[in-house]
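Take a look at the structure below.
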Amino acid sequence: MKRLGALLFLVFVLSFNAIGQEKINWMTFEEASAATLETPKMILVDVYTDWCGWCKKMDKETFTDDKVIAYVNDHFFAVKLHAEKTDRKFTFKGKEYTEASMAKTMRVTSYPNFVVMDATMENITQLPGYRQPQPFIDGLEGIVQRFTK
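Reminder that position 25 of the sequence shown reads as 25 in full-length UniProt numbering, one-by-one numbering, no gaps.
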C-alpha cells in the first residue's frame, strides 16, 4: 500500500510539473509569416534534421530551459524547419517552397542552424551549431539589440 501511495504521489508531482512547464511556441513558416504581419516581430528559424544529434540535444536541453523559453517567446516568432522535408509545400513571397528548398534558399549547410529574420521576413544572420542555454540567449540578445534599434 505504501508503494501505491508513493507511486500515486510521484505521478501527481510529475503531472503537475509537466502542466506548469512552459514551452516555446513553435510555428510553421507560414504561420510565423502571417503572425508578423499582424504583430511585427523577429523570426527565429530552427533548421534541423532527424539524424542530427546536436539538434536533439538543443531540443532536450536548451529549448526546455525556462529562460530560453521566455526569451524566445517574448522576442521572436519561433519556427521549426526540417531541412530534408519535401512533402509539405507553402508559398512565401510569391514562390512555392518545401521545407528542404527553404533551408537551401536560406543557405543552411550545417545543423542545427538558427536563421534570424527581421519582421519583414528578411534574413539577418545565422547562429550555427549547438549552444547551451545561456550562450544561446546571449547570442540572441546581441542580435536583437543590434537589429531593433
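Ideal Cβ placement from N, Cα and C applies to all residues, glycine included.
Limits of the unbroken beta strand (DSSP E) element including residue i
{"i": "glutamine 126", "result": "123-128"}
{"i": "phenylalanine 90", "result": "89-92"}
Nearest candidate by alpha-carbon position, reference residue i, set the options
{"i": "glycine 142", "options": "Tyr71, Cys55 and Phe77", "result": "Tyr71"}
{"i": "methionine 121", "options": "Gly139, Glu22, Lys23 and Ile43", "result": "Ile43"}
{"i": "tryptophan 26", "options": "Gly53, Lys57, Asp50 and Thr64", "result": "Thr64"}
{"i": "asparagine 113", "options": "Thr49, Arg88 and Asp74", "result": "Thr49"}
{"i": "valine 116", "options": "Cys52, Leu81 and Lys85", "result": "Leu81"}
Three-way DSSP call (helix, strand, coil) for residue i in this model
{"i": "tyrosine 48", "result": "strand"}
{"i": "isoleucine 97", "result": "Residue 97 is actually tyrosine in this sequence, not isoleucine. In this structure, tyrosine 97 counts as strand in the three-state DSSP scheme."}
{"i": "isoleucine 24", "result": "coil"}
{"i": "phenylalanine 114", "result": "strand"}
{"i": "lysine 80", "result": "strand"}
Residue span of the alpha helix (DSSP H) that contains residue i, given as start and end
{"i": "threonine 36", "result": "29-38"}
{"i": "valine 108", "result": "Premise fails: valine 108 is in no alpha helix (DSSP H) and is neither H nor E."}
{"i": "phenylalanine 63", "result": "Per DSSP, phenylalanine 63 belongs to no alpha helix (DSSP H) and is neither H nor E."}
{"i": "glutamine 134", "result": "133-147"}
Exposure of residue i, with buried meaning 16 or more beta-carbon neighbours within 10 Å
{"i": "lysine 99", "result": "Here residue 99 is glutamate; the residue named in the question, lysine, does not match the sequence. Looking at its Cβ environment, which holds 16 or more other Cβ atoms inside 10 Å, glutamate 99 is buried."}
{"i": "phenylalanine 16", "result": "Bear in mind that the predicted position of phenylalanine 16 carries a pLDDT of just 45, short of 50, making it unreliable; the figure below should be weighed with that in mind. With fewer than 16 other Cβ atoms within 10 Å, it is exposed."}
For residue j and residue i, the rounded distance between their alpha carbons
{"i": "serine 33", "j": "glycine 94", "result": "13 Å"}
{"i": "phenylalanine 76", "j": "glutamate 96", "result": "24 Å"}
{"i": "threonine 39", "j": "proline 135", "result": "27 Å"}
{"i": "leucine 37", "j": "glycine 129", "result": "29 Å"}
{"i": "leucine 140", "j": "tyrosine 111", "result": "17 Å"}
{"i": "aspartate 118", "j": "valine 79", "result": "13 Å"}
{"i": "valine 47", "j": "lysine 57", "result": "14 Å"}
{"i": "residue 154", "j": "leucine 127", "result": "Outside the displayed range of the chain (1 to 149) lies residue 154, so it cannot be described from this structure."}
{"i": "threonine 148", "j": "valine 45", "result": "18 Å"}
{"i": "isoleucine 124", "j": "arginine 146", "result": "10 Å"}
{"i": "leucine 4", "j": "lysine 67", "result": "Model confidence at leucine 4 stands at a pLDDT of 46, short of 50, so the residue's coordinates are unreliable and nothing is read from them."}
{"i": "threonine 109", "j": "methionine 102", "result": "12 Å"}
{"i": "glutamate 30", "j": "phenylalanine 90", "result": "7 Å"}
{"i": "glutamate 84", "j": "valine 144", "result": "28 Å"}
Residue-chain proximity (residue i, chain D), Cβ-Cβ < 8 Å
{"i": "lysine 67", "result": "Absence of chain D from the displayed structure is noted, only one protein chain being present."}
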